[in-house]
Amino acid sequence: MTELHAVVIADDITGANDTGSQFASRGYRTNVAFDPNAPTDCDVLVVDTETREAPPTEAYDSVRTVVAAHDAPVLYKKLDSTLRGNVADELTALLDAATPDLLLLAPAFPANGRTTEDGVQLVDGDPVLQTLTDSENLPSASSVVDLLSSVPYPVETMHTGIVDAGRQAVRSRLTEIHRRHNEPTVVVADATSQTHLRSLADAADRLAADIAYAGSGGLAGALSLSPTDGDEGAVLGVVGSVSETSFEQLTAVPDGALVVLDPEAMLERPEEAAASALGPLLDAQRVHGFAVVTSAASPGAVDAVHRTADALGLDESAVKDRIATALRETVRRVHESRPLTGLFTTGGSTTIAVLDELDATSLDLTGIELSEGVPLTRIRGGPADETLLVTKAGSFGEPTTIVNCLDFIGTR
């Protein structure tokens, strides 16, 4: 049976499907169920309680029942991005039943014009109450904090200035809030972009606290379901492509998870470049659940490689050979230090070099594509036998394809 990685509780079917799709689109087996005791042979279970228009007590009881029925590393309460429904009652039920240290609440869905600024939920820049025309299930306030006035737990805020400052600032604020309270605490977070939501999710995921989540499909799309501690995070990405698409995808890799090989060492002493990268890559695996090594992460880095090659008198063929040697040697060293459970490669020559270094004899095709033209395979033969491998052409994919693939294989 598949291990359950996340439980999502939604109050209507459209929200359940919308939020579940945020996980399914990244390759997670996602089921939407209408019974709180539904079987859990999936990665992500989304339970639709159909309580958007229910009496508050019924909504409370329904959410509490779902929380009690399922245990998963990630617990997510899906909220309508216009704050309709029994928001306070359902969040109270989650807090009562799960008793997390923190509940990170970020209802923004920037892709659909829903943002949160100074704790106020906006639709296309206007307070939500000024934009809703139907009279059913309207929120009592545009201020998220005011909306939660009946929640019997502390409610703190995280405004745009902190979220703008990035993951470390968010992590520091969450840590401060956690230390000040000895009971479950709600943290209402501003967000005006998907980058903000990724910063919130990444910081929370790496906090030494039990955290539950609440939000719309926006925050769900930013959450990682990868393990982030111990030796479980033996996942490595290897990027040998220097396409613009690859560079854009590398910008989505979390701070500290990306290691760029030194151009001089890579071309003059490839084995030394691999040895120098080993420590940072192992550290990144422990912290982030995965690590990525690349020969270049920007056009400027490619220029630096060319200048170094010119200084060393290397032609294009020699440059490619030495880059491949550095990358394949890096993979070997990482695998010998902590056997890989998952591997991602981009660029055909890079993939072949890595498979050759690992003495692979063949690949089993699983029939799963994490996105168009990005298949999930399994290595056969050699020391990495049965290790999952995702391969991608350099120009394929969306901006988050690399991190989505690493996230997925980290949970298998």
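Take the sequence shown: its letters are residues 21 to 432, numbered as in this note's numbering. All residues carry an ideal CB built from backbone N, CA and C; glycine is no exception. Predicted model, so just to flag it, every value in this text is computed and none were measured.
Taken through DSSP and simplified to helix, strand or coil, residue 50 comes out as strand.
In this structure, the CA atom of residue 414 is about 20 Å from the CA atom of residue 324. Around the beta carbon of residue 25, a 10 Å sphere encloses 16 or more other beta carbons of the protein chains shown; the residue is thus reported as buried. DSSP places residue 172 in the coil class of the three-state scheme, outside both helix and strand. Residue range 26-30 is occupied by the beta strand (DSSP E) that includes residue 26. Contact between residue 171 and residue 112 holds, since their C-beta atoms are separated by about 5 Å, short of 8 Å. Residue 191 sits in a helix when the DSSP states are folded into three classes. The count of Cβ pairs closer than 8 Å, one atom from the segment 281-292 and one from the segment 391-401, stays below three, leaving the stretches out of contact. Between residue 321 and residue 280, the CB-CB gap stays under 8 Å. Distances from the alpha-carbon of residue 230 to those of 176, 183, 116, 120 put 120 closest. Straight through space, the alpha carbons of residue 368 and residue 419 are spaced by roughly 19 Å. Contact between the segment 98-107 and the segment 197-213 is absent: fewer than 3 CB-CB pairs across the two stretches fall below 8 Å.
Using a Cβ distance threshold of 8 Å, residue 136 and residue 174 do not count as a contacting pair. Here residue 237 has 38, 39, 42, 129 as same chain residues with Cβ atoms under 7 Å from its own Cβ, once five neighbours each way along the sequence are excluded. Within the same chain, 304, 307, 308, 310, 311, 312 come within 8 Å of residue 277 by CB-CB distance, once the 5 residues on both sides are set aside. Taking C-beta atoms under 8 Å as the contact rule, residue 67 and residue 29 qualify, at a distance of about 5 Å. The continuous beta strand (DSSP E) containing residue 364 extends over residues 362-366.
A straight-line Cα-Cα distance of about 30 Å links residue 403 and residue 272. Shown here, residue 158 sits in coil according to DSSP, grouped into three states, outside any helix or strand. Shown here, residue 387 sits in a strand according to DSSP, grouped into three states. Look at residue 144 here: in three-state DSSP terms it is coil, with no helix or strand label. Runs of alpha helix (DSSP H) with 4 or more residues, each lying fully within the segment 279-357, are found at 283-288, 290-308, 319-332, 336-357, listed in chain order. Between residue 116 and residue 84, the CB-CB gap stays under 8 Å.
Taking residue 261 as the centre and dropping the five residues before and after it, the same chain places the C-beta of 366, 367, 414 closer than 6 Å to its C-beta, in chain order. The beta-carbon separation of residue 364 and residue 257, rounded to 4 Å, stays under the 8 Å limit for a contact. Spanning the alpha carbons of residue 179 and residue 240 requires a straight line of approximately 20 Å.
Taking C-beta atoms as the reference points, residue 347 and residue 315 count as a pair closer than 8 Å. The alpha-carbon separation between residue 421 and residue 46 amounts to approximately 8 Å. Taking C-beta atoms as the reference points, residue 378 and residue 428 fail to come closer than 8 Å. For residue 384, the CB contacts under 7 Å within the same chain, skipping 5 residues up- and downstream, are 397, 398, 400 in chain order.
When rounded, the separation of the alpha-carbon atoms in residue 225 and residue 244 is 8 Å. Residue 340 and residue 51 have their C-alpha atoms some 45 Å from each other. Taking 8 Å as the cut-off, the Cβ atoms of residue 345 and residue 290 count as close. Following the DSSP letters along the chain, one finds residue 68 inside the beta strand (DSSP E) bounded by residues 64-68. For residue 275, the closest alpha carbon among the candidates 194, 337, 188, 292 is that of 188. By a beta-carbon distance limit of 8 Å, residue 217 contacts residue 126. Their separation comes to about 6 Å.
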